[in-house]
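Top to bottom, those sequences are chains E and V. The first sequence runs 3 to 264 under this note's numbering. The second sequence runs 14 to 345 under this note's numbering. Every residue gets a Cβ at the ideal spot worked out from N, C-alpha and C, and that includes glycine. If you're wondering where the values come from, they're calculated on a predicted model, not measured in any experiment. Below: one structure, written as structure tokens.
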Amino acid sequence: MEAAGILSLVRLLQFGDSMLPTGAFAFSGALEAAVQKGAVHDAATLQQYVVTALRQCATGDAVGLDHALRRLCADPVSMGGPVSEAALTRLRTIDLALYRRKLPEEFRDMMTRTGRKLAELSASMTCSPLADRWMRQLRMGSSPGCYPVSLAVLLAASAFAQRPLRHAEGTEEGNAEVEALAQEGLTVYFYGVAMGLLNAALRLMRVTHYDVQGIMYRSSELFPELCRRTFETPLSRMTGYAPMTDILAAVHSQGRVRLFMS
Amino acid sequence: MPGLFSQEAAFCPDCSSFEAARRSVAGMGAQASELSPFQDEPPQMASGSVGKAGYLRLDFRHDEARGRTVLADMERRAPLLAQKALYWEESQPGMACVIVIASSGCVVQGDRLALDVNAGPASCALVTTQSAAKVHSMDHSYAAQIQRFCLGEGAYLEYMPDPLILHRRSRYLQDSFVTLPASASFVYGELLVPGRRWHHEEELFGFDIYSAGLNVSRPGGKEGDILFEERLVLEPDDMDFRNVGVMGAFEVLGSVYAFVPERHTASLKNAVGSEVSGELAWGASVLPNGAGLALRVLGHDVGKVRGKMREFHSLVRKAVLGRPLPPEFLWR
């Protein structure tokens with residue numbers, strides 16, 4: 003592997019790690035209510051819950067991440083070039099589209115809090131002009147700062163900045179290159195979603211570390227299929243269907259005793 | 014239909030006339046990527062032909078002199094029709110109530126329907142249907158309905174249709190567009206039944222696809238005016254509804270959207286509460302950008318789901334208009 007490849011891989015590992023201080027550990031994605039109400043009570047039901055969350059992401063938030071990544075990877079900005087207003091406007095469009103499609107208020111809260119934290123971390127860590135402009139845009143309040151868009155900014159400014167596209171965008175080879183990068187970004191994101199829930203599960207219910215690793219191992223087999231779904235979904239037709247999760251989020255927001263913020 | 018539908022930005026379709034609505038609903042179907050396997054034409058009557066392109070435009074206006082809302086204008090094409098406004102709500106004597114009638118009895122393949130409801134400033138109206146809408150089995154094309162609701166300052170509109178029953182192998186596309194200012198309120202309830210339970214062993218969740226979009230915006234028509242968007246795509250062949258996060262053990266889904274002024278949202282959410290039990294699960298979420306609230310109800314029994322939806326509907330009416338719903342008619 004070339005030096006750039008190794009650097010890119012280690013960046014992906016770093017940003018996919020649950021140690022990344024985005025505050026995600028404070029959110030359970032309504033798993034807390036699901037455990038309280040008995041909907042999730044063992045390893046099998048936990049796995050179902052994780053798969054539902056991943057499926058929701060694949061045709062929802064991940065579509066935003068994919069679009070943001072594709073816009074940034076083909077832009078000179080990811081190679082440290084000047085930040086164009088057009089790129090920022092596009093990121094804002096995607097950000098708003100993600101925000102207004104999130105039904106439960108606690109999920110919106112989670113998405114923007116972790117997104118803002120990640121933007122702050124990116125700006126201080128990478129010193130990239132893109133990450134800096136994105137963080138300033140969030141501070142000015144002109145964009146909500148959803149996590150998938152902040153992740154796209156971070157990946158474009160770091161992991162993918164090491165690997166400039168070898169072929170022009172629009173050609174077959176160029177598109178394949180962009181798609182490969184997008185797949186890597188989506189994998190990091192799906193891993194984060196599943197691990198976030200499983201980490202919360204360890205604190206909420208009786209499951210062993212072996213159970214949790216087993217669920218992660220099996221769920222990750224779905225990732226290629228999830229990537230395909232993401233690529234097939236246009237930004238204007240992002241979808242999701244998880245009424246029980248919506249209800250559990252509502253139950254959680256009215257709970258008296260809460261360990262998590264969602 | 015290039016130019017009509019943008020892939021990225023939402024739009025508000027033109028349904029102001031029968032011809033415009035026909036174009037809008039055709040464009041909506043052509044752009045629906047999830048319906049791409051079902052774009053073939055029926056060998057019998059072409060989709061959207063006479064009798065299959067329903068259109069109903071209802072214009073409500075507040076009549077100051079008579080102290081009530083009137084159905085000032087209406088345009089209709091079979092199979093959709095409406096008669097006249099009635100005033101049956103005892104607690105709201107000025108509320109115009111209109112029943113949307115589908116004269117074909119059911120929704121079949123190739124049906125292209127459009128409903129356009131305009132509620133003028135300070136008007137108060139209720140639109141409902143006379144019975145459940147049954148979407149029949151299909152082997153070609155799909156059925157589509159476009160719904161547009163446009164409210165003026167201080168208007169109050171309710172659209173509470175009867176349940177939608179998806180027969181096995183049916184395909185249904187519906188897009189709803191709501192435009193309302195911050196002072197207006199719109200209550201919209203939908204009840205989805207995934208088949209006739211005792212009809213056939215493959216009937217329950219036997220439909221091919223159900224895709225429903227909802228777009229809520231402030232007047233202005235710019236992207237920044239959109240408050241809330243949602244698309245539910247249900248494909249039984251491709252997903253497991255029994256999954257704990259999806260529907261769990263339940264079959265019937267009810268949703269009530271209350272797009273009400275922001276001052277009502279917190280108290281309404283508290284008043285309706287939330288619960289997950291063996292019979293019923295429900296909870297309300299506060300929508301983004303101050304759009305209002307959405308209640309989701311899951312259950313086994315249509316009557317019980319409907320009861321919870323009605324309870325929330327009554328709470329909204331009491332919060333906005335001051336009086337709850339009157340008791341339901343015995344024959345409903």
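Not one beta carbon of chain E lies nearer than 9 Å to the beta carbon of V/V148. Using a Cβ-Cβ cut-off of 9 Å, V/N256 counts as an interface residue toward chain E, since at least one Cβ of chain E sits closer than that to its own. Closest option to V/A262, judged by alpha-carbon separation, among V/A294, V/S62, V/V246, V/E243: V/A294. Shown in chain order are the members of the region 286 to 300 of chain V whose Cβ falls below 9 Å from a Cβ of chain E: G286, S287, E288, V289, S290, A294, W295, G296, A297, S298, V299, L300.
For V/H75, the beta-bridge partners assigned by DSSP are V/T82. Contact note: E/T54 reaches chain V through N256, V257, G258, V259, using a C-beta cutoff of 8 Å and chain order.
Taking the Cα positions, V/L266 is about 22 Å away from E/V37. Against chain E, the beta carbon of V/S49 has no neighbour under 8 Å; the closest one sits roughly 10 Å away. Residue burial is scored here from C-beta neighbours: V/F342 has fewer than 16 other C-beta atoms within 10 angstroms and is therefore classed as exposed. Here E/L167 really is in contact with E/E179; their C-beta atoms are around 5 Å apart, less than 8 Å. In this structure, the straight-line span from the alpha carbon of E/R110 to that of E/T232 is close to 20 Å.
Straight-line spacing of the CA atoms in E/V155 and E/L132 works out to 7 Å. Excluding its 5 nearest sequence neighbours in each direction, V/L48 has C-beta neighbours in its own chain below 8 Å: G42, Y155, R184, L186, I222, S224, listed in chain order. Contact note: E/V253 reaches chain V through S287, E288, V289, G296, using a C-beta cutoff of 8 Å and chain order. When CB distances to chain V are screened at a threshold of 9 Å, the residues of the region 225 to 244 of chain E falling below it are E234, T235, P236, L237, S238, R239, M240, T241, G242, Y243, A244, in chain order. Apart from the 5 residues on each side of it in sequence, V/A284 sits with its Cβ closer than 7 Å to the Cβ of L328 in its chain, given in chain order.
Every beta strand (DSSP E) stretch that sits fully inside the region 156 to 213 of chain V and reaches 3 residues is listed by chain position as 156 to 164, 169 to 173, 177 to 179, 184 to 192, 198 to 206. For E/R138, the enclosing alpha helix (DSSP H) has its first and last residue at 131 to 142.
For V/N256, the three-state secondary structure derived from DSSP is coil. Inter-residue distance for V/F31 and V/Y100 is about 27 Å (C-alpha atoms, whole angstroms). The beta-carbon of V/V246 is placed less than 9 Å from the nearest beta-carbon of chain E.
Close to V/F31, with beta-carbon spacing below 8 Å, lies no residue of chain E; the smallest spacing is near 26 Å. Cα atoms of V/E214 and V/L179: separation of roughly 14 Å, rounded to the nearest angstrom. In terms of Cβ geometry, V/A34 and V/R70 form a close pair [threshold 9 Å]. Counting only runs that start and end inside the region 164 to 236 of chain E, the alpha helix (DSSP H) elements of at least 4 residues fall at 174 to 206, 211 to 221, 225 to 234. Residue burial annotation: E/I8 is exposed, with fewer than 16 other C-beta atoms found within 10 angstroms of its C-beta.
Listed by position along chain V, the residues whose Cβ is nearer than 7 Å to that of E/I249 are S287, V289, A294, W295, G296, R309, L311. V/G67 is not a Cβ neighbour of V/P26, given a cutoff of 9 Å.
Residues of the region 147 to 173 of chain E with a C-beta less than 9 Å from any C-beta of chain V: none at all.
In this chain, E/A88 is not harboured by any beta strand (DSSP E); it is covered by the alpha helix (DSSP H) spanning 87 to 101.
Nearest C-alpha to V/P232 among V/R74, V/N131, V/L126: V/N131. By the neighbour-count criterion, in which 16 or more other beta carbons inside 10 Å mark a residue as buried, V/V63 falls on the exposed side. Contact check between the region 168 to 175 of chain E and the region 107 to 124 of chain E: fewer than three CB pairs, one atom from each, fall below 8 Å, which does not count as touching. Look at V/E236: its C-beta is under 9 Å from a C-beta on chain E. Non-local C-beta neighbours of E/K104 in its own chain, meaning closer than 7 Å and more than five positions away in sequence, comprise R110, M113, ordered along the chain. With 16 or more other Cβ atoms inside 10 Å of its own Cβ, V/L247 counts as buried.
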